[in-house]
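Just so you know, the protein sequences line up as chains U and F, in that order. Counting from 2, one number per residue, gives the positions in the first sequence under the numbering used here. Counting from 2, one number per residue, gives the positions in the second sequence under the numbering used here. Backbone N, C-alpha and C define an ideal beta-carbon position, used for all residues, glycine too. Below is one structure, written out as structure tokens; the observations come after it.
Protein chains: 2
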Amino acid sequence: MTVEHENFARKRRQTREVRIGKVPVGGESPVCLQSMTSTYTHDIDATVAQITRLAAAGCDVVRVAVPDRKDTAALPEIIRQSPIPVIADVHFRYQRALEAVAAGAHKIRLNPGNIKDRRQVNEVIRACRDAGIPIRVGVNEGSVVERQDRAVRASEQEQLARGRDHNLVQLMIRKLEEYIRIFEENDFADVVLAAKSPDPVVVIEAYRAISQRFDYPLHLGVTHAGPPETGRVRSIAALATLLAEGIGDTIRISYAADPIHEVEDGKELLCSLKLRCRTEPELIACPTCGRIEVDLFKLVTEVRHKLATIRAPIKVAVMGCVVNGPGEAEGADVAVFAGKGRGVIYVQGEQVRTVTEAEMLDALYEEAVAFAERVKRGEARLSGDEVAINPPKAKPRP
Amino acid sequence: MTVEHENFARKRRQTREVRIGKVPVGGESPVCLQSMTSTYTHDIDATVAQITRLAAAGCDVVRVAVPDRKDTAALPEIIRQSPIPVIADVHFRYQRALEAVAAGAHKIRLNPGNIKDRRQVNEVIRACRDAGIPIRVGVNEGSVVERQDRAVRASEQEQLARGRDHNLVQLMIRKLEEYIRIFEENDFADVVLAAKSPDPVVVIEAYRAISQRFDYPLHLGVTHAGPPETGRVRSIAALATLLAEGIGDTIRISYAADPIHEVEDGKELLCSLKLRCRTEPELIACPTCGRIEVDLFKLVTEVRHKLATIRAPIKVAVMGCVVNGPGEAEGADVAVFAGKGRGVIYVQGEQVRTVTEAEMLDALYEEAVAFAERVKRGEARLSGDEVAINPPKAKPRP
Numbered sequence: 002m003t004v005e006h007e008n009f010a011r012k013r014r015q016t017r018e019v020r021i022g023k024v025p026v027g028g029e030s031p032v033c034l035q036s037m038t039s040t041y042t043h044d045i046d047a048t049v050a051q052i053t054r055l056a057a058a059g060c061d062v063v064r065v066a067v068p069d070r071k072d073t074a075a076l077p078e079i080i081r082q083s084p085i086p087v088i089a090d091v092h093f094r095y096q097r098a099l100e101a102v103a104a105g106a107h108k109i110r111l112n113p114g115n116i117k118d119r120r121q122v123n124e125v126i127r128a129c130r131d132a133g134i135p136i137r138v139g140v141n142e143g144s145v146v147e148r149q150d151r152a153v154r155a156s157e158q159e160q161l162a163r164g165r166d167h168n169l170v171q172l173m174i175r176k177l178e179e180y181i182r183i184f185e186e187n188d189f190a191d192v193v194l195a196a197k198s199p200d201p202v203v204v205i206e207a208y209r210a211i212s213q214r215f216d217y218p219l220h221l222g223v224t225h226a227g228p229p230e231t232g233r234v235r236s237i238a239a240l241a242t243l244l245a246e247g248i249g250d251t252i253r254i255s256y257a258a259d260p261i262h263e264v265e266d267g268k269e270l271l272c273s274l275k276l277r278c279r280t281e282p283e284l285i286a287c288p289t290c291g292r293i294e295v296d297l298f299k300l301v302t303e304v305r306h307k308l309a310t311i312r313a314p315i316k317v318a319v320m321g322c323v324v325n326g327p328g329e330a331e332g333a334d335v336a337v338f339a340g341k342g343r344g345v346i347y348v349q350g351e352q353v354r355t356v357t358e359a360e361m362l363d364a365l366y367e368e369a370v371a372f373a374e375r376v377k378r379g380e381a382r383l384s385g386d387e388v389a390i391n392p393p394k395a396k397p398r399p
Numbered sequence: 002m003t004v005e006h007e008n009f010a011r012k013r014r015q016t017r018e019v020r021i022g023k024v025p026v027g028g029e030s031p032v033c034l035q036s037m038t039s040t041y042t043h044d045i046d047a048t049v050a051q052i053t054r055l056a057a058a059g060c061d062v063v064r065v066a067v068p069d070r071k072d073t074a075a076l077p078e079i080i081r082q083s084p085i086p087v088i089a090d091v092h093f094r095y096q097r098a099l100e101a102v103a104a105g106a107h108k109i110r111l112n113p114g115n116i117k118d119r120r121q122v123n124e125v126i127r128a129c130r131d132a133g134i135p136i137r138v139g140v141n142e143g144s145v146v147e148r149q150d151r152a153v154r155a156s157e158q159e160q161l162a163r164g165r166d167h168n169l170v171q172l173m174i175r176k177l178e179e180y181i182r183i184f185e186e187n188d189f190a191d192v193v194l195a196a197k198s199p200d201p202v203v204v205i206e207a208y209r210a211i212s213q214r215f216d217y218p219l220h221l222g223v224t225h226a227g228p229p230e231t232g233r234v235r236s237i238a239a240l241a242t243l244l245a246e247g248i249g250d251t252i253r254i255s256y257a258a259d260p261i262h263e264v265e266d267g268k269e270l271l272c273s274l275k276l277r278c279r280t281e282p283e284l285i286a287c288p289t290c291g292r293i294e295v296d297l298f299k300l301v302t303e304v305r306h307k308l309a310t311i312r313a314p315i316k317v318a319v320m321g322c323v324v325n326g327p328g329e330a331e332g333a334d335v336a337v338f339a340g341k342g343r344g345v346i347y348v349q350g351e352q353v354r355t356v357t358e359a360e361m362l363d364a365l366y367e368e369a370v371a372f373a374e375r376v377k378r379g380e381a382r383l384s385g386d387e388v389a390i391n392p393p394k395a396k397p398r399p
């Protein structure tokens, strides 16, 4: 994996390491990006096809639901064809877990709360220990908080909201601790913890509390976040906040849409926080305003699609006004500063061409391809590799 | 404004208060959501139409660019028709600022770095003081960091990345301090500060540093974040992290698309972090997986559109499997738990109807409308108003 630790990584909370197949999670490992298939697992071709797409988009490990015997029966072939490790998501029936372990699953997700017979849970733990694979132990607000626990009301709005979230978090952690004891009684420490809620504030507070109590690696996620338009914001808000605090060893963004978008958003989040190296072009652009003299939305969309063929983390800027345009254009590897009817193309801060509006897209793309080639040949360095070192001349005032 | 402080708000960093027209920013005020028009400001009808849409979507104040005399000439009429306060974005020409103040603008955005004559900056400050309006003083990485400052290179990758970001932040803060001194020398404290970059990590580190040095209110933003697909993630990642740390008094999310989306995302972010009360339905939904037995994406999209007519912050759940479905359905105000060919409709945790798949959408909508009406008449309370109080039976283990 082309992943590295920078700023935030340095402050990451120390956890134990587990391994999901070839992918380490926790410890010194980079934050692992995961998703879940939305196909029927017993449909091997559809499932493998979706996993392959998710992997190509940057997904490190993938989870599949195995509600039925026919789903676990499909697992060996899915695992054989999958380019990334496969996690079996088990609920209610412990046999599915045993079958998944036997099928070669790289990790089991288990909610001990919905397998009522403790001996069955113990049997799954033994099977995972024998196979040397970890178990994710998760609680979801929806599955642990009983209706009656929600019943008491308070009068004062502000106290109430604070109290509600705080109490939900306490209920979730109590349940999680109960589950963890089962694993500890079995001397099984190969676990990853999760505590999800649809409420980003509950998620943030729950993981903060858990990270102070346990050193197991943490799987972050906002569950049932909703449609993509709002679910994306809820997921990113909670996960970014936690990751920036050094909390989180593997993440899943989830909302009601094709999981490929979850992976794209997750990858962008990790790259944005410098918890993962970019391997593809980074596009920056004006948001546009009343100063703009060109159809920038259209140009940005076209540039984005064109750049998708380039496999190098070059920084490309599409700027449309004189306020920040020249500065951003100079700071990028390749840029266009688009004015009325013409555009100036920059490469590493130097103006290299002036072209007509109609030529801008192709000219920018040509220079981007050429620059990426020069980087590959070692003839140029990325702007992100440069450092502003001129030391402050005066000490900043306190 | 229907905005309140809860969890995070309690930890918010204390700042001075300024007023943008009727909207307070900083101090005890709720986080203010702003956007910027993408129309030509001199096109009064188009600009007012866009402002009206942005305001209806939840935008508290709006910024317009005034590059030319004809733009400031349009300001009085725009301000007269605008339902929200209007900020004039000024660059290069101090006359535009003076004209905007005379036109009744509620705030001026000024970058003293691009008005070279100090006497001109002083004149704008005097005009704003006389008019009693604040000035936003901003630095952008692109406009303050000179090419030569980016030149020196380091050998070790990790040190380098750390050094680069750190040095960029130092350069930005040095420049901002230089600007602030101009205002302090004029005894003008009615300022809002901003320090933007396209890099979320630079934004986070810059605002953290600024919040420790100054008590002026802060305007948060990631600039030139790019196309919506990636720009949204970059903006939310930085702003959520800062807001969760109590930093930020007004926010703008910006990316290259219709600003209505910026406002929608910004509102969802503030609601997600409980820095703003919801006034509309909150939709939670399964992300779907191999357990699902219904076309949930389609149902969620349809439900989302139907709910848009309801003006009450009811919590609606669309769930598709037995793992978390019943729990989430019980926790919501109105819910459908959709299985093969049929759906169970819940209202406040009680199963009220079982309907066919074809009837689910209408049945859910009917119950949602009816419930919202009961809330308005004071006959029902929102689930979000309830508290889980059952006290922990055992003290959580340390």
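Remark: C-beta atoms of valine 125(F) and isoleucine 88(F) do not approach each other more closely than 9 angstroms. A straight-line Cα-Cα distance of about 19 angstroms links methionine 361(F) and arginine 292(F). Between asparagine 115(F) and chain U, the shortest Cβ-Cβ separation is below 9 angstroms.
For asparagine 141(F), the enclosing beta strand (DSSP E) begins and ends at 136-141. One alpha carbon belongs to alanine 58(U), the other to valine 19(U), and they sit about 24 angstroms apart. With a threshold of 9 angstroms between beta carbons, asparagine 325(U) makes contact with chain F.
Taking every protein chain shown into account, the CB of phenylalanine 298(F) has 16 or more other CB atoms within 10 angstroms, so this residue is buried. Along the stretch 225-238 of chain F, going in chain order, the ones with a CB nearer than 8 angstroms to a CB of chain U are His225, Ala226, Gly227, Pro228, Glu230, Thr231, Gly232, Arg233, Val234, Arg235, Ile237 and Ala238. The straight-line gap separating the alpha-carbon atoms of glutamate 179(F) and leucine 383(F) is approximately 50 angstroms.
In the structure shown, the three-state DSSP call for lysine 299(F) is helix. The DSSP assignment places 158-186 and 201-214 as complete runs of the alpha helix (DSSP H) inside the stretch 156-227 of chain F, in order along the chain (cut-off: 4 residues). Rounded to the nearest angstrom, the Cβ distance from valine 264(U) to cysteine 33(U) is 12 angstroms, too far for a contact under 8 angstroms. The DSSP assignment places 316-320, 335-339, 343-348 and 351-357 as complete runs of the beta strand (DSSP E) inside the stretch 303-381 of chain F, in order along the chain (cut-off: 3 residues).
DSSP places lysine 71(F) in the helix class (H, G or I) of the three-state scheme. Scanning Ala318(U), Val192(U), Ile183(U) and Val348(U) for the CA closest to the CA of proline 282(U) turns up Ala318(U). DSSP places glycine 267(F) within a helical segment (H, G or I) once states are collapsed to three. Interface criterion met: the Cβ of tyrosine 256(F) is under 9 angstroms from a Cβ in chain U.
The residue among Thr48(U), Glu78(U) and His92(U) with its C-alpha nearest the C-alpha of aspartate 69(U) is His92(U).
In chain order, Val319 place their CB closer than 6 angstroms to the CB of valine 304(F), counting only its own chain and leaving out the 5 sequence neighbours on each side.
By the C-beta density criterion, alanine 359(U) is exposed, having fewer than 16 other C-beta atoms within 10 angstroms.
Along the length of the stretch 99-124 of chain F, whole beta strand (DSSP E) runs at least 3 residues long occupy 108-111, reported in chain order.
Spatial neighbours of arginine 13(U) in its own chain (CB-CB distance under 6 angstroms, excluding positions within 5 residues in sequence) are listed in chain order as Gly247. Annotation: lysine 108(F) to valine 204(F) spans about 23 angstroms, alpha carbon to alpha carbon. Of all alpha-carbon atoms in Asp200(U), Gly321(U), Val234(U) and Leu177(U), the one lying nearest the alpha-carbon of glycine 332(F) is that of Asp200(U). When C-beta distances to chain U are compared with 8 angstroms, the residues of the stretch 285-306 of chain F below that value are Ile285, Ala286, Cys287, Pro288, Thr289, Cys290, Gly291, Arg292, Ile293, Leu297, Phe298, Val301, Thr302 and Arg305, in chain order. Beta-bridge partners of serine 36(U) (DSSP): Val63(U).
Distance check between aspartate 166(U) and each of Ser198(U), Lys275(U) and Arg182(U) places Ser198(U) closest, using alpha-carbon atoms only. If you draw a straight line from the Cα of tyrosine 95(U) to the Cα of proline 218(U), it comes to about 24 angstroms.
Residues of the stretch 103-128 of chain F with a C-beta atom less than 8 angstroms from some C-beta of chain U are Asn112 and Asn115, listed in chain order.
Straight-line spacing of the CA atoms in alanine 75(F) and alanine 381(F) works out to 48 angstroms. Linking glycine 133(U) to valine 102(U) through their CA atoms gives a straight-line distance of about 10 angstroms.
Excluding its 5 nearest sequence neighbours in each direction, isoleucine 136(F) has C-beta neighbours in its own chain below 6 angstroms: Ile109, Leu111, Cys129 and Val192, listed in chain order.
From the listed residues Lys71(F), Gln213(F) and Glu368(F), the smallest Cα separation to leucine 308(F) is found for Glu368(F).
If you ignore the 5 residues before and after threonine 53(F), its C-beta comes within less than 7 angstroms of the C-beta of Pro84, all in its own chain and listed in chain order.
By the beta-carbon neighbour count (other beta carbons within 10 angstroms, threshold 16), lysine 117(F) is exposed. Cβ atoms of valine 234(U) and serine 273(F) come within 8 angstroms of each other, at about 6 angstroms.
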